[in-house]
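Enquirer: The listed protein sequences derive, respectively, from chains A, B and C. Going from the first sequence to this note's numbering is simple: count from 1 and add 912. Going from the second sequence to this note's numbering is simple: count from 1 and add 191. Going from the third sequence to this note's numbering is simple: count from 1 and add 216. Each residue gets a CB set at the ideal place from its N, CA and C atoms; glycine is no exception.
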Amino acid sequence: MIVGQQKPFDEIWGMVKGFKKVLVYGCNTCVAISHAGGGKEAEILASMIRMKATQEGVDMLVDNAAIERHCEPEFFEPLMEKVRTYDLVLSTACGVGVNFLSDRIGDIPVYPGVNTSFYGAVPKAGFFVELCGGCGNCILHLTGGICPVVRCSKSLMNGPCGGTDKGKCEVSKEIDCAWYLIVERMKKLGKLEELFSIQPPRNWATGTHGGPRRLVYEHIMELEEEKKAGK
Amino acid sequence: MKSGSNLEKVIASGKPAVTAELGPPMSADPHEVVEKAHKLKGFCDAANITDCQTAVVRISSIAAAYIALREGLEPVMQMTCRDRNRIAMQADLLGAAALGLKNCLCIAGDHQKFSAAGKLKGHPGAKNVYDVDTTQLVGIMKKMRDESLQEGGDKIDVPPKFFIGASWTPMGDPMDFRPYNLKKKVDAGADFIQTQGIYDVELFKSQMEKARNLGLHERTAILGGIIVPRSAMMLKYMDSSVAGVTVPKALIDRMNKAKEAAGDDKKKMRELQEAEGLKITVELIHQILEIPGVKGVHIQAIEWESAMEGIVKAAGLYPRPQV
Amino acid sequence: MAVAEKAPEKATAPSVEKPHETPAGWEPNVLAFACHYCAFAAADLAGVMRLSYPPNVKIIRLPCTGKLDHIHILRAFERGVDGIFVAG
Chain A
913 MIVGQQKPFD EIWGMVKGFK KVLVYGCNTC VAISHAGGGK EAEILASMIR MKATQEGVDM
973 LVDNAAIERH CEPEFFEPLM EKVRTYDLVL STACGVGVNF LSDRIGDIPV YPGVNTSFYG
1033 AVPKAGFFVE LCGGCGNCIL HLTGGICPVV RCSKSLMNGP CGGTDKGKCE VSKEIDCAWY
1093 LIVERMKKLG KLEELFSIQP PRNWATGTHG GPRRLVYEHI MELEEEKKAG K
Chain B
192 MKSGSNLEKV IASGKPAVTA ELGPPMSADP HEVVEKAHKL KGFCDAANIT DCQTAVVRIS
252 SIAAAYIALR EGLEPVMQMT CRDRNRIAMQ ADLLGAAALG LKNCLCIAGD HQKFSAAGKL
312 KGHPGAKNVY DVDTTQLVGI MKKMRDESLQ EGGDKIDVPP KFFIGASWTP MGDPMDFRPY
372 NLKKKVDAGA DFIQTQGIYD VELFKSQMEK ARNLGLHERT AILGGIIVPR SAMMLKYMDS
432 SVAGVTVPKA LIDRMNKAKE AAGDDKKKMR ELQEAEGLKI TVELIHQILE IPGVKGVHIQ
492 AIEWESAMEG IVKAAGLYPR PQV
Chain C
217 MAVAEKAPEK ATAPSVEKPH ETPAGWEPNV LAFACHYCAF AAADLAGVMR LSYPPNVKII
277 RLPCTGKLDH IHILRAFERG VDGIFVAG
């Protein structure tokens, strides 16, 4: 899922203080799991903004709402009319949600209340780790299910650098060396020799380096068109 | 000859090769490079010109390598994968070759967060590149040299002829994979290898044995790395904090003894430790050169270039062969 | 799980409060959330026994303090309550 972290309150206050009618708009999917931007967090944030406004003597109406997903129009269309009555939408969805709502609304600013951090998992409550970089060209079958693109600080493809120390990365002792993990995993899988062949330079164009990405399923789009045309 | 560099010739002659290290300054003043070049000239076959080592901005390795070359010291231009994508790398390789540089060492490079181990501000917020890794960079350089082709497949009229090097951390984790890590770099086309600093000669011996079993010593020239110790504190730091470096307790004890012999005299303390450091260095050189498959030594006298003369002479590696 | 067991970055709750001087004779306005089955029953008993407590404490009965939500506390603060007392 997408992991996010709420922006520092001072930064949020700096964004919203000039507006009269603010909607703090939560998303109940990924960012709710990471305790950053679900309905509950939106509610709390709205309350904090109201308190701050009172303390600063700023006249401001702050409401909150939440929907299940900000990345599909079906979920936010029913609320769109209400959303349009505000001067500012402070979205606590991930960056996808902020962009998508912005594009749809057009004439009302949509600001981010959350820093979208990474694609991660929750090994235990309150702890989130990045495990995928969304590079668009998966090689996990070659590396024992451990991603060197995002779990190695240098995205190395052919083995560890000289910075591995006691299985930890040179960037921080808190970070496991991905290549240490890969080698150990491949040993367990009995596939260590698969690491001995050279991985050639990668095609990064499938990631963010090829420009904004899109994915089109024409048969689904056609079906939708037909439905709309009443066929 | 692949490149015709002095280093390549010395290695081809079968005599033990000696490389040194020259760190460019954090300044636009070329004189420091010139001075260091003069201290090293004649006492090594080539000197590595580091590429923004410890992730700190310095005179670029190409420019400093060219200054060294002008002064008569053969440079080994280092190139990290941290700061350049494959377009910039190949452009720099063409440029470096056009300037007359003939050796290049491929390395991953310290992560931008390193900032001289926190001693300097550095640029920890910089965006790194890592478009290709060391093994891939070696392959690109070989393809340019031997096939006259860019990585993307475009033709090169006059290819850059480099003697291609790569680094190796034989005693880094995961240690049993390290010989294979070396093999990948050799398979990619590394003509020579410089290792991370070795203090634990026994451990290095066992890693070399594994490398020999893979036949790597016949396909590449392995130069054993030696970081000249200056103090007991430095040895302790390297043992505890430098990845892939372990220092046997006996060496630290020797240095401590030298330090204690000086009593409270600070100046003497430094002199005695430095003298002991030079002695240790010469011993390490002899021990490492005795290991089958080792073709030379890479001596790093960090910010102590003047020590090279004494070391090389004491080790019986002077004068350097004229080839 | 082969990932580090310690969270690298700690998320801390931001403070919205600015410290200020307390005026003389000021009494805090306290809201008590009390569980129907214990704390509220105790308060009730106190009333029956004619025991008095300061008038600046207001009690809200909850079926269980487990019902208490962040927003109840925040709403109270928004409306000028100075302190919250939860008993259950």
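Can the beta-carbon of A492/B be found closer than 7 angstroms to that of E467/B?
Expert: Not in contact: A492/B and E467/B (Cβ atoms no closer than 7 angstroms).
Enquirer: Is D348/B near R277/B, with beta carbons less than 7 angstroms apart?
Expert: In this structure, R277/B does not lie closer than 7 angstroms to D348/B by Cβ.
Enquirer: Give a yes or no on whether the minimum CB-CB distance between F234/B and chain A is below 7 angstroms.
Expert: No - not a single Cβ of chain A is within 7 angstroms of the one on F234/B.
Enquirer: Measuring straight from C-alpha to C-alpha, what distance separates P207/B and A379/B?
Expert: Using only the alpha carbons, I get a separation of about 24 angstroms.
Enquirer: If you measure between the beta carbons of A307/B and V247/B, is that distance less than 7 angstroms?
Expert: Going by C-beta atoms, A307/B is nearer than 7 angstroms to V247/B.
Enquirer: Less than 6 angstroms between C-beta atoms, sequence neighbours within five positions excluded: which residues of the same chain meet that for K541/B?
Expert: In the structure displayed, chain B extends from 192 to 514; residue 541/B sits before or after that span and is not available.
Enquirer: Return the CA-CA distance between A220/C and G487/B, expressed in angstroms with no decimal places.
Expert: Model confidence at A220/C stands at a pLDDT of 40, short of 50, so the residue's coordinates are unreliable and nothing is read from them.
Enquirer: Taking only beta-carbon positions, decide if S959/A is within less than 7 angstroms of chain C.
Expert: Yes, contact with chain C.
Enquirer: Please return the same chain residues whose Cβ sits closer than 6 angstroms to the Cβ of E500/B, not counting the five positions on each side in sequence.
Expert: Here the set comprises F234.
Enquirer: List in chain order: all unbroken beta strand (DSSP E) runs of 3+ residues lying wholly within the segment 229 to 299 of chain B.
Expert: List check, beta strand (DSSP E) in window: 237 to 240, 266 to 271, 294 to 298.
Enquirer: Please identify, using Cβ separations under 9 angstroms, the residues of the segment 372 to 384 of chain B that lie next to chain A, in order along the chain.
Expert: So the close ones are N372, K374, K375, K376, D378, A379.
Enquirer: Report yes if the CB atom of G416/B is closer than 7 angstroms to the CB atom of H477/B, and no otherwise.
Expert: No, the Cβ-Cβ distance between G416/B and H477/B is not below 7 angstroms.
Enquirer: Could you tell me which of N197/B, I418/B, E393/B, K346/B sits nearest to E265/B, measuring between CA atoms?
Expert: Minimum Cα distance to E265/B is reached at N197/B.
Enquirer: Buried or exposed, going by whether 16 or more other CB atoms sit within 10 Å of the CB of T1120/A?
Expert: T1120/A should be labelled exposed.
Enquirer: Between I253/B, V436/B, G454/B, P483/B, which has its C-alpha nearest I413/B's C-alpha?
Expert: Measuring from the Cα of I413/B, the nearest candidate turns out to be P483/B.
Enquirer: Output needed for C983/A: all residues of its chain with C-beta closer than 7 angstroms, excluding positions within five of it in sequence on either side, in chain order.
Expert: The answer, listed in chain order, is V1008, G1009, F1012.
Enquirer: Under a CB-based cut-off of 7 angstroms, is I287/C close to chain A?
Expert: Taking Cβ atoms only, chain A reaches closer than 7 angstroms to I287/C, which makes this a yes.
Enquirer: Just to confirm, is the Cβ distance from F301/C to V246/C under 7 angstroms?
Expert: Cβ distance < 7 angstroms, so F301/C and V246/C count as in contact.
Enquirer: Short check: CB of A954/A to CB of N976/A, under 7 angstroms?
Expert: Cβ distance < 7 angstroms, so A954/A and N976/A count as in contact.
Enquirer: What residue range does the alpha helix (DSSP H) around L463/B cover?
Expert: Run containing L463/B: 457 to 481, per the alpha helix (DSSP H) assignment.
Enquirer: By alpha-carbon positions, which one of K440/B, P350/B, D456/B ends up nearest to A289/B?
Expert: The residue with the shortest Cα to Cα distance from A289/B is P350/B.
Enquirer: Using the DSSP secondary-structure output, state which residues sit across from Y1023/A in a beta bridge.
Expert: In DSSP, Y1023/A forms a bridge with L1002/A.
Enquirer: F395/B CB to nearest chain A CB: under 7 angstroms?
Expert: Not an interface residue.
Enquirer: Compute the distance between the beta-carbons of G1056/A and R1097/A, then report whether it is under 7 angstroms.
Expert: In contact: G1056/A and R1097/A (Cβ atoms closer than 7 angstroms).
Enquirer: What's the call for P370/B, buried or exposed, on a 16-neighbour Cβ count within 10 Å?
Expert: With 16 or more Cβ atoms within 10 Å of its Cβ, P370/B is classed as buried.
Enquirer: For A292/C, tell me which candidate among I276/C, P270/C, G304/C has the shortest Cα-Cα distance.
Expert: That would be I276/C, whose Cα lies nearest to the Cα of A292/C.
Enquirer: Is there at least one Cβ from chain B nearer than 7 angstroms to P1113/A's Cβ?
Expert: At least one chain B Cβ lies under 7 angstroms of P1113/A.
Enquirer: Less than 7 angstroms separating the beta-carbons of C939/A and G949/A?
Expert: In this structure, G949/A lies closer than 7 angstroms to C939/A by Cβ.
Enquirer: Enumerate in chain order the residues of its own chain whose CB-to-CB distance from K304/B is below 6 angstroms, with the five nearest sequence positions on each side excluded.
Expert: Closer than 6 angstroms at Cβ, skipping near neighbours: P315.
Enquirer: Looking at V436/B: is its Cβ nearer than 7 angstroms to the Cβ of S204/B?
Expert: No, they are not a contact pair.
Enquirer: Return the Cβ separation of A238/B and L213/B in integer angstroms, given the expectation that the two are a contact with Cβ distance under 8 angstroms.
Expert: At roughly 5 angstroms, the Cβ-Cβ gap stays under 8 angstroms, so A238/B and L213/B are in contact.
Enquirer: With DSSP as the reference, please indicate the residues paired to T138/B in a beta bridge.
Expert: Coverage of chain B is limited to positions 192 through 514, which leaves residue 138/B absent and any answer about it impossible.
Enquirer: Could you give the distance in angstroms between the alpha-carbon of E465/B and the alpha-carbon of S422/B?
Expert: When rounded, the distance between both Cα atoms is 7 angstroms.
Enquirer: Kindly list, in the order they appear in chain B, the residues whose Cβ is closer than 8 angstroms to that of F1108/A.
Expert: Under the 8 angstroms cutoff, chain B gives Y371, K374, K375.
Enquirer: Can the beta-carbon of V329/B be found closer than 7 angstroms to that of I355/B?
Expert: Yes, the Cβ-Cβ distance between V329/B and I355/B is below 7 angstroms.
Enquirer: So which of R1016/A, N1027/A, I924/A has the shortest CA-CA distance to S916/A?
Expert: The displayed chain sequence assigns Gly, not Ser, to residue 916/A. Checked all of R1016/A, N1027/A, I924/A; the closest Cα to G916/A is N1027/A.
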